[in-house]
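Undergrad:
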Amino acid sequence: MSSSTTTETTRQPRFDLPGLNLPLNWTPHAKYLKNEAYRYGALNCRGDMSKMTEVPAQGDGKDLFQTALSDADVQEGKTSLALITLREITMLDIMNTLTDKPGWEDKVFDQAIAQKWKAEILATEGSDVTENMVNWIIAELRYKAKTFKESGGAVSVFNGDVVKSDFAIPKNIQESLKAGVRMLEDIPDVHKDYHPGSDGKVLDLAHPSLFPLMYGRTRVLEDTLVPLDECIEAIGKGKVLPIRESEETVLDKKGSGSSGLANRWTRSPPPYSKHFQWLPCDVDISRDDRSVLITSYINNLHPQRYRDLYRVIEDIISKAIPLWNMTLTPLKTHYASLIFGDTTTEYLKFERITVESIIYDPDQDLLSYPDRPQQGDDEDEEEYEDRLWQWEHATRRVLQPDAGEFHPPTPDASRDDFFQPGTNILRPEKSVDLKRDYGHRGLQVIVKLANIELTPDKPVYEGGTWRVEGQLNEHICATALYYFSSENISESRLAFRQQSSRDYANGMDYEQNHDSWLEQLYGCKNYQSAIQEVGSVLCRKGRLVTFPNILQHRVEPFKLLDSTKNGYRKILALFLVDPGIRIISTANVPPQQKDWWFDEVEEEMMRDGKALGKLSAELRKTICEDVDEFPISLEEAKEARLRLMEERKSYVTTHTSTAFEGNKFSLCEH
Numbered sequence: 001m002s003s004s005t006t007t008e009t010t011r012q013p014r015f016d017l018p019g020l021n022l023p024l025n026w027t028p029h030a031k032y033l034k035n036e037a038y039r040y041g042a043l044n045c046r047g048d049m050s051k052m053t054e055v056p057a058q059g060d061g062k063d064l065f066q067t068a069l070s071d072a073d074v075q076e077g078k079t080s081l082a083l084i085t086l087r088e089i090t091m092l093d094i095m096n097t098l099t100d101k102p103g104w105e106d107k108v109f110d111q112a113i114a115q116k117w118k119a120e121i122l123a124t125e126g127s128d129v130t131e132n133m134v135n136w137i138i139a140e141l142r143y144k145a146k147t148f149k150e151s152g153g154a155v156s157v158f159n160g161d162v163v164k165s166d167f168a169i170p171k172n173i174q175e176s177l178k179a180g181v182r183m184l185e186d187i188p189d190v191h192k193d194y195h196p197g198s199d200g201k202v203l204d205l206a207h208p209s210l211f212p213l214m215y216g217r218t219r220v221l222e223d224t225l226v227p228l229d230e231c232i233e234a235i236g237k238g239k240v241l242p243i244r245e246s247e248e249t250v251l252d253k254k255g256s257g258s259s260g261l262a263n264r265w266t267r268s269p270p271p272y273s274k275h276f277q278w279l280p281c282d283v284d285i286s287r288d289d290r291s292v293l294i295t296s297y298i299n300n301l302h303p304q305r306y307r308d309l310y311r312v313i314e315d316i317i318s319k320a321i322p323l324w325n326m327t328l329t330p331l332k333t334h335y336a337s338l339i340f341g342d343t344t345t346e347y348l349k350f351e352r353i354t355v356e357s358i359i360y361d362p363d364q365d366l367l368s369y370p371d372r373p374q375q376g377d378d379e380d381e382e383e384y385e386d387r388l389w390q391w392e393h394a395t396r397r398v399l400q401p402d403a404g405e406f407h408p409p410t411p412d413a414s415r416d417d418f419f420q421p422g423t424n425i426l427r428p429e430k431s432v433d434l435k436r437d438y439g440h441r442g443l444q445v446i447v448k449l450a451n452i453e454l455t456p457d458k459p460v461y462e463g464g465t466w467r468v469e470g471q472l473n474e475h476i477c478a479t480a481l482y483y484f485s486s487e488n489i490s491e492s493r494l495a496f497r498q499q500s501s502r503d504y505a506n507g508m509d510y511e512q513n514h515d516s517w518l519e520q521l522y523g524c525k526n527y528q529s530a531i532q533e534v535g536s537v538l539c540r541k542g543r544l545v546t547f548p549n550i551l552q553h554r555v556e557p558f559k560l561l562d563s564t565k566n567g568y569r570k571i572l573a574l575f576l577v578d579p580g581i582r583i584i585s586t587a588n589v590p591p592q593q594k595d596w597w598f599d600e601v602e603e604e605m606m607r608d609g610k611a612l613g614k615l616s617a618e619l620r621k622t623i624c625e626d627v628d629e630f631p632i633s634l635e636e637a638k639e640a641r642l643r644l645m646e647e648r649k650s651y652v653t654t655h656t657s658t659a660f661e662g663n664k665f666s667l668c669e670h
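Residue numbers (full-length UniProt numbering): 1 to 670.
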């Protein structure tokens, strides 16, 4: 750890931040404006030029990564992945399962073992798997084994580039994290902070919803940084950030590039909160040895009391960066737009199984089928046609397409290669390298530590809801979850679902009024959401998982293995702020915790022999607790947390129904 002395280039003024000196909903557009300052606000202020703000150009000429939190990204298809068949989802699930096997990266090249796997897969009762599908699976895993070894043991699963690794975090770092967290756990029960609404099952050790940035309450330094090693001395300094204007909580129309979102820009609740923001810490990644330094305090984690824990979290961030690189590479829309003239992520994906046309079995005219229903003597025409239609749908099934032959990626593949029948070429990618691309400016990371604790009285964790992390204030582009410890719990999994492109289905040629193929091939229905659940990863002890913020995720239920004993799962969550934008962080906000300030004041009084220092500890604490305004008491912070949680619950519910699930299939009848 070190004090923050980082300076910024003129392209990224260090104190021009959304919600501070820039509008809350500001995003960098320097790539398109050639790093020139521009006037912001004309559209948002309905043409009132007097309300416009002069905004300096920022950024490094890079697009922000797509996020499912942005209605604009969703509407423009930037967060949609290719619609995938049920058979391909089965293939993804099988590959995910096989890559959980110890030593899979070597075993897959052993012909005897590979043949055994193939036989077991094909013999699985009730599975819709063909020999071609299994051949593809083995071939793709042999290709992925190379990447697995080169990356130090990481492999991507599903098409949303969820990445998992059981080897990214060495054992010594895992044990150091356990020891560091034990200091947070070993406190009297009365002081333990169980997350509201968790029924006493989720213990918050360091949660970003406690003592967040609160507009109208939080103090911020406008022209200096909060040094890590002296951050306690900065408590109480700075100005109070005012509550932002409501017009700043909607999307920045200037950068949306779409006129089809007018009805969503003003929806409630808006994508930006004018009340709260999680606070990230700043992270220096410029060192040649690829280690990282946390240069501003982690919110709710005292930098002096838990100095060793800071070092461990630095180590884990450094190990997460290669996995984030793998997760974010397919989202690099800049490359897609240059190569393909299209910014949707589906062009960066490949299909293991393609559907070129709808073929039925039986394929003859059902009117001549010998077992078709006959019209009854007393049955009117409408009733008969309805019964006949139901019989047709039950009788005639769509033929399932099969996998082709796997081909390894071709680095210089052109757009035509992607659509050449029968090739199934993997995507060529211009990789993301966070250190190379953003090492000069660093990263911002939001840190959360939490335990899920089960007891004989509370033996089941019911699981979570489908969600995308954060609100647009945080600009989270990817998440890393490290499951560093667990005991006496059943298998725990993290499920994912994706928004799938409707365009391919809308262009499919099929018979009039026969849209059942959409469900039979893809598991979707006409007039329903274009959402596909793609699978889940095992959250085994020691595993690091990363995923992008274009996917929704959900913690699946788990329970005690031995219902007579306690059990737990411990998690370190790292939320990566999009490195293309800088937000207000703990480098700008002095600590807000009154107990941090009290400990510092008490130590100073005792050290200097001041009169207050001679009072009893209880009386000194009473005097400090009576200090009004600032710093913020734990009671006030918990009240604010409830308001933040309620606001975000409302946002997640509305966003899921209107944005994530809002794009529905609407097949044209023809």
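We treat Cβ as the ideally placed atom computed from N, Cα and C, and that holds for glycine.
All values derive from a computational prediction rather than experimental measurement.
Whose CA, out of 392, 502, 318 and 300, lies closest to the CA of residue 78?
TA: 502
Undergrad: Check whether the Cβ atoms of residue 468 and residue 160 lie closer than 8 Å to each other.
TA: no
Undergrad: Pull up the distance between the alpha-carbon of residue 20 and that of residue 269, whole angstroms please.
TA: Computed Cα separation, rounded: 22 Å.
Undergrad: Do you know how far the Cα of residue 471 is from the Cα of residue 271?
TA: 6 Å
Undergrad: By the DSSP assignment, the beta strand (DSSP E) with residue 282 in it spans what residues?
TA: Counting along the chain, the beta strand (DSSP E) containing residue 282 begins and ends at 281–284.
Undergrad: For residue 562, collect the residues of the same chain with a Cβ closer than 8 Å to its Cβ; drop the 5 residues on either side in sequence, then sort them by chain order.
TA: 488
Undergrad: Residues bridged to residue 452 by DSSP?
TA: 202 and 569
Undergrad: Using the Cα positions of residue 255 and residue 104, report the straight-line distance between them to the nearest angstrom.
TA: Here residue 255 scores only 40 on pLDDT, less than 50, and its place in the model is too uncertain to base an answer on.
Undergrad: Could you check if residue 191 is buried or exposed, using at least 16 other CB atoms within 10 Å of its CB as the buried criterion?
TA: exposed
Undergrad: Might you give, ordered along the chain, the residues of its own chain that have their beta carbon closer than 8 Å to the beta carbon of residue 637, omitting 5 neighbours on each side?
TA: These residues qualify, in order along the chain: 210, 211, 592 and 593.
Undergrad: Rounded to the nearest angstrom, what separates residue 568 and residue 172 at their Cα positions?
TA: 21 Å
Undergrad: In chain order, which continuous runs of the beta strand (DSSP E) of length 3 or greater are located wholly inside the region 439–501?
TA: 443–454, 476–487 and 493–499
Undergrad: Is the beta carbon of residue 496 closer than 8 Å to that of residue 178?
TA: no
Undergrad: Using a Cβ-Cβ cutoff of less than 7 Å, which residues in the same chain neighbour residue 680 once the five nearest sequence positions on both sides are dropped?
TA: Not covered by the structure: residue 680. The range shown for the chain is 1 to 670.
Undergrad: Taking only the alpha-carbon atoms, compute the straight-line gap between residue 404 and residue 353 and give it to the nearest angstrom.
TA: 7 Å
Undergrad: Where does residue 553 sit, in a helix, a strand or coil, going by DSSP?
TA: Residue state, collapsed to three classes: strand.
Undergrad: If you follow the beta strand (DSSP E) that residue 543 is part of, which residue opens it and which one closes it?
TA: 543–548
Undergrad: Nearest-angstrom Cα distance between residue 122 and residue 91?
TA: Our two residues, residue 122 and residue 91, have alpha carbons roughly 12 Å apart in a direct line.
Undergrad: Could you spell out the range, first to last residue, of the alpha helix (DSSP H) harbouring residue 180?
TA: 171–185
Undergrad: Helix, strand or coil for residue 340, going by three-state DSSP, please let me know.
TA: Because residue 340 sits at a pLDDT of 45, beneath the cut-off of 50, its placement in the model cannot be relied upon, and the point is left open.
Undergrad: Check each candidate in 99, 66, 231 and 557 and name the one with the smallest Cα separation from residue 332.
TA: 66
Undergrad: Which same chain residues, not among the five before or five after residue 684, have their C-beta less than 6 Å away from its C-beta?
TA: Given that the chain is displayed from residue 1 to residue 670, the structure contains no residue 684 and the question cannot be resolved.
Undergrad: Is residue 494 near residue 398, with beta carbons less than 8 Å apart?
TA: For the pair residue 494 and residue 398, the CB atoms are not nearer than the 8 Å cut-off.
Undergrad: Would you call the CB atoms of residue 649 and residue 461 closer than 8 Å?
TA: no
Undergrad: Closer than 7 Å by C-beta to residue 302: which residues in its own chain qualify, once you throw out the five before and the five after it? Chain order, please.
TA: 596
Undergrad: Any idea which residues DSSP pairs residue 18 with across the strands?
TA: 22
Undergrad: Whole angstroms is fine: what's the gap from residue 281's alpha carbon to residue 127's?
TA: If I take the Cα positions, the gap works out to 47 Å.
Undergrad: What does residue 113 pair with, by DSSP beta-bridge criteria?
TA: None; residue 113 has no bridge partner.
Undergrad: Quick one: give me the first and last residue of the beta strand (DSSP E) that residue 537 is part of.
TA: It spans 531–538 - the beta strand (DSSP E) in which residue 537 sits, taken as one unbroken run.
Undergrad: Using beta-carbon positions only, say whether residue 407 and residue 647 come within less than 8 Å of one another.
TA: no
Undergrad: Spatial neighbours of residue 112 within its chain, please: C-beta separation below 8 Å, excluding the five flanking residues on both sides.
TA: none
Undergrad: Excluding sequence positions up to five away, which residues of its chain have a Cβ less than 8 Å from the Cβ of residue 298?
TA: 206, 281, 310, 313, 447 and 586
Undergrad: Pick out whichever of 520, 76, 565 and 515 has its Cα sitting closest to the Cα of residue 666.
TA: 515
Undergrad: Buried or exposed, going by whether 16 or more other CB atoms sit within 10 Å of the CB of residue 214?
TA: By the 10 Å Cβ count, residue 214 comes out buried.
Undergrad: Would you check if the distance between the CB atom of residue 319 and the CB atom of residue 114 is smaller than 8 Å?
TA: no
Undergrad: Quick one: measure Cβ to Cβ for residue 68 and residue 324, integer angstroms, because I've assumed they're closer than 8 Å.
TA: Wrong, their Cβ atoms sit about 17 Å apart, outside the cutoff.
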